[in-house]
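With the numbering used here, the residue at position 9 of the sequence shown is 13, and numbering never jumps. Beta carbons are placed, not taken as given, at the ideal position from N, Cα and C, and that holds for glycine. Quick notes on the structure that follows.
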Amino acid sequence: MKKNNSIGYNRIFWPVYFLNGFQSIAWGGIIFLIVPLSRLMWPNEPSHALEMGILITALSWSASISGLVFGHFIDKYSRKMIITIISIFRGLAIIMLGFALEGGGFTTWIYFLIFVSLFGSFAGLSWPTVISLSNDIVPKESRSRFFGIYEIIRSITQILGFLIGALLVQIGFWRQYFWGTGIGILVFGFIFFINTDDPKRGAQQEELMDILNQNDIDYDFQINRETLKHTMLSKTNIVALIEGIFTWILMGSINFLILNLIQNAPHNISEFSTSVFMITFGLTGGLVGQLALARLSDKLAKKHPTVRIPIIIIAILGGIITFALFFFIPWPYLTVEQGKDVGYLMTLPTIWLMGIMFFFSRSIFSLYIVNQSPVLQEINLPEAQGKIVSWNQFLENLGRGIGPSLSGLLLVVTNLNYQLTILFLTLCILPGVILWLLAINWYPKDTFRIRNILSERAEILKSRTDGF
């Protein structure tokens, strides 16, 4: 039965996996190529850290705001149509980036700012819609594995996108990078439209499964003020919402800081070399966390549902602290040519130390994603999945957007002292860890409340059929 379910949800979601992949290529191209994109806009000038930080902030905040403003549509209207519409607009926005004026300085930067914000606005609805769909398609005992697969695809394509993008930018074909990515989003948006149907809401809830198997019965309940107060504003939900801001301020800072540190003088590790190391060490680390450890999470959670919260705490602490240690590695001083020579770089002990740390941090932090999403699904009603994830995404992206701008500002204030900057930023994880520790006692009560509400609604739906 489990095998059939697995085959079933993967058959439904495969176009979504590809959409996720192409969106990640585009998102990663904007985030990871900050240094070459800065050179594209301002040739022969040092990287404009503050302006590029603002660009990433605009990407994250536009995604946050769109999810918050339009997230309630996901719980009311066809998820199929929503994903199709956002695929059209995010694809076109990325295609337009390929028409930017090279070497235009602030004119090019403003052009990027407009279309990056447009892309972010529509991409921001993607994750809440996937959460809503998966809640009604993926069996509960497979949730971490599903999110692990989804995250693997995101990681692989984001890093491959960085690799391909770095290579294309380096040889002058950056326009083709954006055009190809945008077309990929449009193509798989169309495939999703013709391949997928909306499932019934609540179809994977144990309390509702039997009654919803009847063709003439649909789950048509909507959130009101009372259910919002007792479910979406439950203590565990509030923990997830507040924690997301602090964790993603730091996560949004780390990539930005690492890339600025290693790709600029005196270290001069090229964009292409960076992407090779990310694939070699980060991708393998992600696979361990998102497949093997995700499967282990599902097994443990089936016996002890509250175990997901200690796993989240371990993921935050282990992943982020290891990331922060990157800035205390004795990075080698390299010429530009040495930074492009992958073979030479692989002979340096520092690179292998970086690789081991990157492998470990990606493995551990991946558990955050594959466990947080099932927790949110478990403590919210079927008609609130899009809303709660949109709220959560808004605050996470708010933090993710603050991170690069705050990092750029701190680098200016500290005169490019990366170690001092990361020490300030690492303090951001403490509120989230404390809140999740408190949530260990709150989570069972919040899940029990949801099950009681669903049991009552199952009786209401059953009474409707008895009346026919």
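- Task: Can you tell me which of L23, V39, S148 puts its alpha carbon nearest to the alpha carbon of I373?
- Result: S148
Item to check | Simplified DSSP state of V142, which is helix, strand or coil | outcome: coil
If distances are taken between C-alpha atoms only, which option among L410, T310, F93 comes closest to T61? L410
| request: May I ask you to check if the CB of M236 is nearer than 7 Å to at least one heavy atom of the ligand SAM? | output: Of ligands this structure carries none, so the ligand SAM is not represented either.
Review point. Do the stretch 309–321 and the stretch 156–174 make contact, defined as three or more Cβ pairs closer than 8 Å?
Key: no
Exercise for the section: Whole angstroms is fine: what's the gap from T200's alpha carbon to S130's? Expected result: 15 Å
Endpoints, the alpha helix (DSSP H) within which Q82 is located | Checking the sequence, you will find Ser at residue 82 rather than Gln. No alpha helix (DSSP H) contains S82, which DSSP labels as neither H nor E.
**Report entry** Contact under 8 Å by Cβ, T326 with F276
**Finding:** no
Q | Terminal residues of the alpha helix (DSSP H) in which G186 lies | A | Segment 178–199, the alpha helix (DSSP H) holding G186.
| request: Put I464 into one of helix, strand or coil per three-state DSSP. | output: helix
Checklist entry - When you compare only the Cα positions, how much space is there between L380 and F197? => result 27 Å
Backbone CA spacing between F330 and L349 [nearest angstrom]: 16 Å
When you compare the CB positions of M236 and I392, do they come within less than 8 Å of one another, or not? yes
ask   = Just the Cα atoms here: how many angstroms apart are G390 and P336?
value = 47 Å
Counted within 10 angstroms of its Cβ, other Cβ atoms place P353 as buried (16 or more) or exposed: exposed
message: For F369 and T240, what's the separation of their Cα atoms in angstroms?
response: C-alpha separation (whole angstroms): 20 Å.
* A104 by DSSP, collapsed to three states: which one? -> coil
message: Tell me which residues share the same chain as L297 and place their Cβ nearer than 6 Å to its Cβ, disregarding the 5 neighbours each side in the sequence.
response: In the same chain as L297, and ignoring 5 residues on each side of it, the C-beta atoms closer than 6 Å to its own belong to L371, in chain order.
Three or more beta-carbon pairs under 8 Å between the stretch 184–198 and the stretch 46–66, yes or no?
no
If I measure Cβ to Cβ from F332 and keep anything under 8 Å in the same chain, skipping five residues before and after, which residues do I get?
Q423
V142 to I92, Cα distance in whole Å?
26 Å
Worksheet item: Between the beta-carbon of S68 and the beta-carbon of Q397, is there less than 8 Å?
Response: yes
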